[in-house]
Each structure stands twice: as C-alpha cells, then as structure tokens.
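The next block holds one structure in the form of structure tokens; read it before the comments.
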Amino acid sequence: MNNRNSKIILEDHQDDFSYKKSKSNLDLSFNRISFIFFIFFIIFIIYSIHLIHLGSRKSKNEVNENINNPMNNLYRVDILDRNGKFLSKTVSSVDIGISTQKVIDKKKLIINLKYIFPNKDYKKIESNLINKKFFYLEKMISDENYEKIMKLGDKSIQPEEKLTRIYPEKNLFSHIIGQIDNDNNGISGLEKSLDNELKNLQEPIKLTVDKDIQFLIRNELLKYNQIFKTKGSAAILMDVNNGEILSLVSLPDFDPNKRETISDINLINRATKGVYEFGSVFKTFTLAAALDEKIIEPETEYNDLPKSLTCAGFPIREYDDKIPSDLTAEQILIRSGNIGSVRIGQQIGEEKFRLFLSKIGILEKINFDIEEVGKPIKFNWGKCPLATASFGHGITTTLLQLAKAYAIIVNGGHQISPTIIKKSQKEKKEKILDQEVSEKILPILRKIVNTKEGTASLANVNGYEIGGKTGTAQKSTTGGYSKKKINSFISVFPTSSPKFVLAVMLDEPKTNQDYVYHYRDGSNIKYKGTPFNTAGWTTVETTGQIVEKIGPILATKYSEIN
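Structure follows, in structure tokens:
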C-alpha cells in the first residue's frame with residue numbers, strides 16, 4: 022500500500038517537473054517568434070509609409086489631367102514653334118523645402134545633403150538653418166534626387182508638389198515668350214499678351230518662329246557683339262509675302278526660368294520696343310515714294326549736286342566727298358547720297374512723303390502680338406524736316422517697322438501685318454503701292470550689294486541674290502548728337518523673287534583692328550581691321566555671316582514659302 026502511494030507521488034512529481042520544463046521552452050520559442058515578427062512589422066511599417074508617400078504623388082496621367090484642366094489656377098497651354106518644338110510648357114514638379122525647427126541633427130543633415138547635392142553653397146545653407154524658419158533647398162528636383170532625399174526619413178525635409186511653367190530653350194526666345202510671375206500671371210511677351218488664351222484654350226499655341234534659325238541668328242549676333250563690342254543688337258527675319266516672322270532676336274536677353282524681375286534698361290527688346298534714328302535706310306523710302314508718285318524714274322539725272330546744303334542754319338553734307346556731283350536717281354541710292362536724297366524728297370513734297378511713310382507703317386505705333394512695342398517720336402514736318410527725313414536724319418521708328426516697310430516695297434506693294442503667331446487662315450492681300458515700285462527698286466537694292474559703288478558688298482553671299490540698304494546714324498542726346506552709333510542693314514533676298522527680309526541692327530558698335538574681312542567679290546582678298554565705324558563694315562558683315570548659316574535651311578525648308 023505504501024509502495025503504491027509512493028509510486029503515485031513520484032508520477033505526480035514527474036508530471037509536474039515535466040510540465041514546468043515544457044512551459045519554459047514554450048516561452049523561449051514565443052519570444053523569438055515575437056521578436057522576429059516585430060522586426061518584420063517595423064520594416065513593413067517603414068516601407069508602407071514610404072510607399073504611401075510615393076503613392077500620394079500623382080501619376081503621369083493624373084498630372085496630365087491636372088495640367089490640362091482649365092479649372093486649375095496654374096493651367097496654361099503649351100507654346101510651340103512652327104515645327105512643333107516646345108518653347109514654353111507646364112509640367113508637374115516637386116520643390117524640396119526644409120523646416121529648420123524640425124531639424125534634430127544639423128551636422129548629420131548637412132552631411133547627407135552633401136552626398137545628394139555636392140555642388141550647393143553649404144555656407145548659405147548653414148546660415149539658412151540658423152536664421153530662417155523655412156527655406157527651399159531645391160526647386161524642380163529630379164526624380165533620382167527626390168528618391169534619395171526622401172529615403173533620409175528626416176521630418177524637416179518637406180516636399181511640395183506643384184505645376185510649374187518651364188522654358189526649355191532658356192534665353193533663346195525670352196523676348197518673344199516673356200515670362201510669368203509666381204501667381205501664374207503673364208508679365209511680359211506672349212505670356213502677357215495672350216494671358217487669357219493661354220489659361221483657357223485646350224490646344225497649344227503655335228508660333229511662326231523656327232527654333233533652328235533663331236538659334237543660328239542669335240549665335241552670330243552674340244559673336245559679333247563681342248567682335249564689335251556693342252551695347253546690344255537685334256535681328257528680324259520675316260516672310261515678305263505674309264508677314265510671318267521666322268526669327269526675332271534681341272540682345273542682351275534673359276532666362277525666363279529664373280523668374281527674375283527685369284529692371285535693367287539694356288534688356289529692352291531692341292527689335293520691337295527700341296525707337297531709333299536709323300539713318301540712310303530711309304533713302305529707300307524716298308526713292309520708292311517718288312517712283313510710286315511717278316515723279317521720277319531710276320534713270321532720272323541730277324546734275325551739279327553740291328557737296329553741302331544749309332537748312333535753318335544747319336549744314337547737310339555728303340558722308341563721302343568722293344560721291345560725284347552728277348548722279349541718276351538709282352546712283353543716289355546705290356552710293357547713299359544725302360544731297361541727292363534731299364533733292365528727290367523736295368520733289369515729292371512734305372504731304373505726299375508723310376502719307377507714303379504712314380502708308381508703309383513707319384510713323385505710327387505698330388499693332389503687334391506682344392505689348393513691348395515702341396512708339397515712334399512725333400515728327401514735326403516742315404521744309405527742313407522734309408530735307409532731313411529724306412536721308413533718315415531726325416526721324417525715328419522701330420526695327421520691326423523697318424522690316425515691314427521694306428517687305429511692302431519689295432513684295433509687289435501688298436500690305437502685310439508682321440506676326441509671330443501662326444494663323445489658320447490666310448489674310449487677303451491689299452495692294453497699297455504700284456507693282457512697278459518693286460520692279461524698279463529691287464535691281465537697285467541688288468546693286469548696293471554686288472557692285473563696287475555700293476555700300477554693302479560684304480553681304481554678297483554667293484547664291485542668295487541679296488539686296489539691301491545700309492544705315493549709319495548717330496545716337497541723339499539732349500540738345501544734339503553723340504559719337505555713338507546705330508548701324509543697320511535691311512536686306513531682302515532673293516531679289517529676283519523676294520521671299521525674306523532680314524533686318525539687323527548693332528547698338529553702339531566699335532571698330533576692331535584685329536578682325537579679318539574676306540571680300541566676297543571672288544578676289545579672295547583679305548583685309549585686317551575695321552577702317553570705319555559704319556554699317557558697311559559692321560552690320561553688313563554680320564548679315565553676311567548670318568545668311569551663310571541660315572541660307573541652306575531656308576533653301577530647303579522654306580523654298581516654297583508664300
């Protein structure tokens with residue numbers, strides 16, 4: 022009996038011991054599983070938060086829907102060149118800001134930022150961390166750097182997603198496209214003049230300009246700004262038959278992506294806004310007006326022309342004493358005679374010459390696609406003003422208006438409206454000058470370029486039949502004129518069947534004693550140094566180089582332009 026009890030107790034004891042041992046093992050296993058589960062749970066939470074954050078960024082389709090929704094207050098349609106290349110575009114972007122009050126470890130943050138953005142100014146960043154509550158570290162951050170900076174997991178780093186306006190060509194079209202402010206309002210250029218259309222249209226706005234031609238012309242202007250040490254320059258390339266502008270460049274220019282306030286007066290749009298005296302380019306208007314009134318013919322002779330005249334006590338002289346005293350009307354324009362131009366102007370008369378200049382768009386403010394347009398200074402007509410206006414002295418206009426006027430004179434006398442916006446319908450042509458004016462003027466403009474007597478032989482680029490007229494004018498100052506100059510050359514080509522007018526001006530050019538000229542008369546003669554600060558030695562050379570670069574493109578892409 023005792024033995025049996027003893028056995029039972031032993032079994033109970035063994036059962037109890039065995040039970041306790043199993044409980045210990047179970048606790049240990051459970052703790053391990055819990056720990057592993059906890060680690061995976063933390064990893065899951067971290068990546069879930071990251072994925073949720075990334076998922077909060079809109080997909081490309083959602084962004085496109087947002088961009089193309091006129092209800093979005095940042096919505097603006099794209100602007101394209103004539104070949105469909107983007108000049109201005111609204112895109113989704115992310116700006117990275119730093120809330121300095123949430124920074125825990127400044128040294129660690131800066132080390133991490135240097136790894137992602139090695140080229141930033143970290144003295145400025147350190148100063149911002151101390152002195153500002155919030156500042157932007159990177160605007161329009163790339164996708165790659167966005168991923169890197171968000172993986173830091175720093176609460177002080179704050180991304181802001183928004184729509185923004187970008188200008189892929191930077192400075193190239195700045196004076197045409199203009200820019201917007203931070204509230205999405207246009208403040209210059211087409212962004213301002215077409216502000217309402219850009220915010221409400223569904224389709225992109227296509228322009229008449231050609232990106233490739235604009236690039237080449239701007240490059241040449243930049244080059245010759247350096248060579249002739251100019252204050253600035255401008256060029257307009259326009260179709261003479263429909264007024265479409267293929268290129269409009271004004272230097273210096275600016276990058277609209279920077280959203281900087283433009284306060285420097287030297288950044289004026291010299292092609293459309295600048296109002297200048299252009300000098301002898303007006304002599305073409307004098308001869309054209311006389312031909313249109315049928316007062317003279319190109320062969321009309323002017324004999325015994327004096328070397329100087331006096332009007333109201335002021336002398337009018339020839340710019341070159343070697344100009345003969347006996348000239349035909351044609352020769353007066355070819356040799357750029359001042360006295361002969363005065364004689365032709367006197368034959369036309371004050372009223373008829375004023376009406377002619379008004380008819381071709383010289384005297385009044387031009388209606389154009391952007392608001393940055395200059396208004397010619399009011400000209401007080403009279404006997405002496407008629408004389409000076411005949412050779413381009415004392416009378417002002419803009420480069421855009423010169424391009425328009427020359428286009429009308431050479432296109433058969435048809436009115437045109439210069440434009441940089443592509444139109445879906447062709448405008449009806451209104452004839453305002455006699456057809457014979459073009460037929461008689463064009464051979465004369467050609468001789469200015471391809472004869473020794475002309476003033477623009479450096480623009481005689483083989484194969485393009487360039488014609489044109491030079492203008493060298495002193496800049497006016499309070500009470501008189503300075504030695505600073507505006508040198509211009511208005512060219513048309515080909516003169517046998519005009520398609521383009523190229524108006525080029527250099528603002529305050531200077532001579533260059535090291536520049537080497539290559540004569541275009543087939544002689545292969547080279548000439549070192551600029552002998553005179555005139556359009557014939559500065560702007561004409563620039564124009565010749567421009568036509569050499571753009572000519573092949575015009576000959577292939579625009580051979581049938583009309």
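Residue numbers (my numbering): 22 to 583.
We put the CB at the ideal spot given by N, CA and C, even for glycine.
This one's a predicted model, so the numbers in the text were calculated from it and none came from an experiment.
Going straight from the alpha carbon of VAL270 to that of ILE187, what length do you get? For this step, residue 270 is matched to residue 249 along the sequence shown. For this step, residue 187 is matched to residue 166 along the sequence shown. Taking the straight line from one Cα to the other gives about 20 Å.
Just how far apart, CA to CA, sit SER254 and THR559? For the purposes of this step, residue 254 is identified with residue 233 of the sequence shown, where counting begins at 1. For the purposes of this step, residue 559 is identified with residue 538 of the sequence shown, where counting begins at 1. In a straight line, the C-alpha of SER254 is about 12 Å away from that of THR559.
Pairing CB atoms from the stretch 503-517 with CB atoms from the stretch 472-491, are three or more of them under 8 Å? The stretch 503-517 is in contact with the stretch 472-491.
Residue burial classification, ASN217 (beta-carbon count within 10 angstroms, cutoff 16): For this step, residue 217 is matched to residue 196 along the sequence shown. Label assigned to ASN217: exposed.
Taking the straight line between their C-alpha atoms, what separation do you get for ILE170 and LEU134? As a first step, residue 170 is located in the sequence shown; it is residue number 149 there, counting from the start. As a first step, residue 134 is located in the sequence shown; it is residue number 113 there, counting from the start. Whole-angstrom Cα-Cα distance: 8 Å.
Could you give the uninterrupted runs of the beta strand (DSSP E) lying entirely in the stretch 248-295, keeping only those of 3 residues or more? Correct list: 253-260 and 266-272.
So, is PHE155 buried or exposed, given that buried needs 16 or more other C-beta atoms within 10 angstroms? Stepping through the sequence shown from its first residue, residue 155 is reached at position 134. That one is exposed.
Start-to-end residues for the alpha helix (DSSP H) that takes in LEU407: The residue given as residue 407 occupies position 386 in the sequence shown. 404-411 is the span of the alpha helix (DSSP H), which, as asked, contains LEU407.
Shortest alpha-carbon distance to ASN432 belongs to which of ASP164, ASN246 and ASN263? Stepping through the sequence shown from its first residue, residue 432 is reached at position 411. Of the candidates ASP164, ASN246 and ASN263, the residue whose Cα lies closest to the Cα of ASN432 is ASN263.
Which partner residues of VAL394 appear in the DSSP bridge assignment? On the sequence shown, residue 394 is found 373 positions in, with the first residue counted as 1. DSSP output for VAL394 lists no bridge partner at all.
Which residues in the same chain have their Cβ closer than 6 Å to the Cβ of SER109, if we skip the five residues on either side of it in sequence? Residue 109 sits at position 88 when you count from the first residue of the sequence shown. Short of 6 Å from the beta carbon of SER109, and not among the five residues preceding or following it, lie these beta carbons of its own chain, in chain order: ILE100, TYR188 and ILE198.
ILE507 versus GLN422, GLY434, PRO345 and VAL302, residue with shortest Cα-Cα distance: Locating residue 507 in the sequence shown gives position 486, counting from the first residue. Comparing Cα-Cα distances from ILE507 to each of GLN422, GLY434, PRO345 and VAL302, the minimum goes to VAL302.
Helix, strand or coil, according to DSSP, for ASN554 in the structure here? Reading the sequence shown from its first residue, position 533 is the one you call residue 554. Coil, per DSSP.
To the nearest angstrom, report how far apart LEU193 and LEU272 are at their CA atoms. Numbered from 1 along the sequence shown, position 172 holds the residue referred to as residue 193. Numbered from 1 along the sequence shown, position 251 holds the residue referred to as residue 272. Taking the straight line joining both Cα atoms gives about 10 Å.
Just the Cα atoms here: how many angstroms apart are LYS160 and LYS123? Position 139 of the sequence shown, counting from 1, holds the residue named residue 160. Position 102 of the sequence shown, counting from 1, holds the residue named residue 123. Rounded to whole angstroms, LYS160 and LYS123 show a C-alpha spacing of 20 Å.
Starting from LYS547, follow its DSSP beta bridges and name the residues at the other end. Start at 1 with the first residue of the sequence shown, and residue 547 comes out as number 526. In DSSP, LYS547 forms a bridge with HIS539.
For LEU267 versus ILE226, is the C-beta spacing smaller than 8 Å? Taking the first residue of the sequence shown as 1, we reach residue 267 at position 246. Taking the first residue of the sequence shown as 1, we reach residue 226 at position 205. Taking 8 Å as the cut-off, the beta carbon of LEU267 is found no closer than this to the beta carbon of ILE226.
In chain order, what are the residue ranges of uninterrupted beta strand (DSSP E) at least 3 long that sit wholly in the stretch 316-359? Those beta strand (DSSP E) runs which fall completely within the stretch 316-359 and span 3+ residues are 329-332 and 335-338.
Going along the chain, which residues of its own chain have a beta-carbon closer than 8 Å to the beta-carbon of ASN287, five neighbours each way excluded? For the purposes of this step, residue 287 is taken as residue 266 along the sequence shown, with counting starting at 1. Answer for ASN287: LYS252, GLY253 and PRO273, listed in chain order.
Could you tell me the alpha carbon to alpha carbon distance between LEU420 and SER379, rounded to whole angstroms? As a working note, residue 420 is residue 399 in the sequence shown. As a working note, residue 379 is residue 358 in the sequence shown. When rounded, the distance between both Cα atoms is 15 Å.
Report buried or exposed for ASN206, applying the criterion of at least 16 other Cβ atoms within 10 angstroms of its Cβ. Mapped onto the sequence shown, residue 206 falls at position 185. With fewer than 16 Cβ atoms within 10 Å of its Cβ, ASN206 is classed as exposed.
Check whether the Cβ atoms of THR564 and VAL525 lie closer than 8 Å to each other. Numbered from its first residue, the sequence shown carries residue 564 at position 543. Numbered from its first residue, the sequence shown carries residue 525 at position 504. Cβ distance < 8 Å, so THR564 and VAL525 count as in contact.
DSSP state of GLU241 mapped onto helix, strand, coil: Here residue 241 refers to the residue found at position 220 when the sequence shown is read from its first residue. Three-state result, GLU241: helix.
Expected contact under 8 Å - CB spacing of VAL522 and VAL261 to nearest Å: The sequence position of residue 522 within the sequence shown is 501, counting from 1. The sequence position of residue 261 within the sequence shown is 240, counting from 1. Contact holds; Cβ gap of about 5 Å.
Quick one: is THR229 buried, meaning 16 or more other Cβ sit within 10 Å of its Cβ, or exposed? Position 208 of the sequence shown, counted from the first residue, corresponds to residue 229. Counting of Cβ neighbours within 10 angstroms places THR229 among the buried residues, the total reaching 16 or more.
Counting Cβ pairs closer than 8 Å, one from the stretch 540-550 and one from the stretch 460-480, do we hit at least three? Under the three-pair Cβ rule at 8 Å, the stretch 540-550 counts as touching the stretch 460-480.
ALA576 burial status per 10 Å Cβ neighbour count (16 or more: buried): Along the sequence shown, read from residue 1 onward, the residue named residue 576 stands at position 555. Around the beta carbon of ALA576, fewer than 16 other beta carbons lie within 10 angstroms, which makes this residue exposed.
Give the secondary structure of GLY11 by DSSP, where H, G and I count as helix, E and B as strand, and everything else as coil. Residue 11 falls outside the range modelled here, since the chain spans only 22 to 583, and no answer is possible.
Excluding sequence positions up to five away, which residues of its chain have a Cβ less than 7 Å from the Cβ of ALA653? Outside the displayed range of the chain (22 to 583) lies residue 653, so it cannot be described from this structure.
Out of PHE58, LYS183, ASN149 and ASP102, which has the shortest C-alpha to C-alpha gap to ASP116? Locating residue 116 in the sequence shown gives position 95, where the first residue counts as 1. It is LYS183.
Same chain only: Cβ atoms within 6 Å of ASN166, ignoring 5 sequence neighbours per side: Residue mapping note: residue 166 aligns to position 145 of the sequence shown, counting from 1. ILE137.
What does a CB cutoff of less than 6 Å around LYS176 pick up in its chain, not counting 5 residues either side in sequence? Taking the first residue of the sequence shown as 1, we reach residue 176 at position 155. Only residues of its own chain outside the window of five on either side were considered, and among them LYS123 have a CB closer than 6 Å to the CB of LYS176, listed in chain order.
Burial state of GLN566 (16 or more Cβ within 10 Å): Here residue 566 is taken as the residue at index 545 of the sequence shown, counted from 1. By the 10 Å Cβ count, GLN566 comes out buried.
Quick check on the burial criterion: 16 or more other C-beta atoms within 10 angstroms. Buried or exposed for ARG338? Within the sequence shown, numbered from 1, the residue matching residue 338 stands at position 317. Exposed, by the Cβ-count rule.
When you compare each of GLU314, LEU376 and ASP341 to GLN368 by their alpha carbons, which one comes out closest? Here residue 368 refers to the residue found at position 347 of the sequence shown. Across the set GLU314, LEU376 and ASP341, the C-alpha of GLU314 shows the shortest separation from the C-alpha of GLN368.
Local Cβ density within 10 Å of GLU393, reported as buried at 16 or more and exposed below that: Reading the sequence shown from its first residue, position 372 is the one you call residue 393. Taking all protein chains in view, the Cβ of GLU393 is crowded by 16 or more other Cβ atoms within 10 Å, so the residue is classified as buried.
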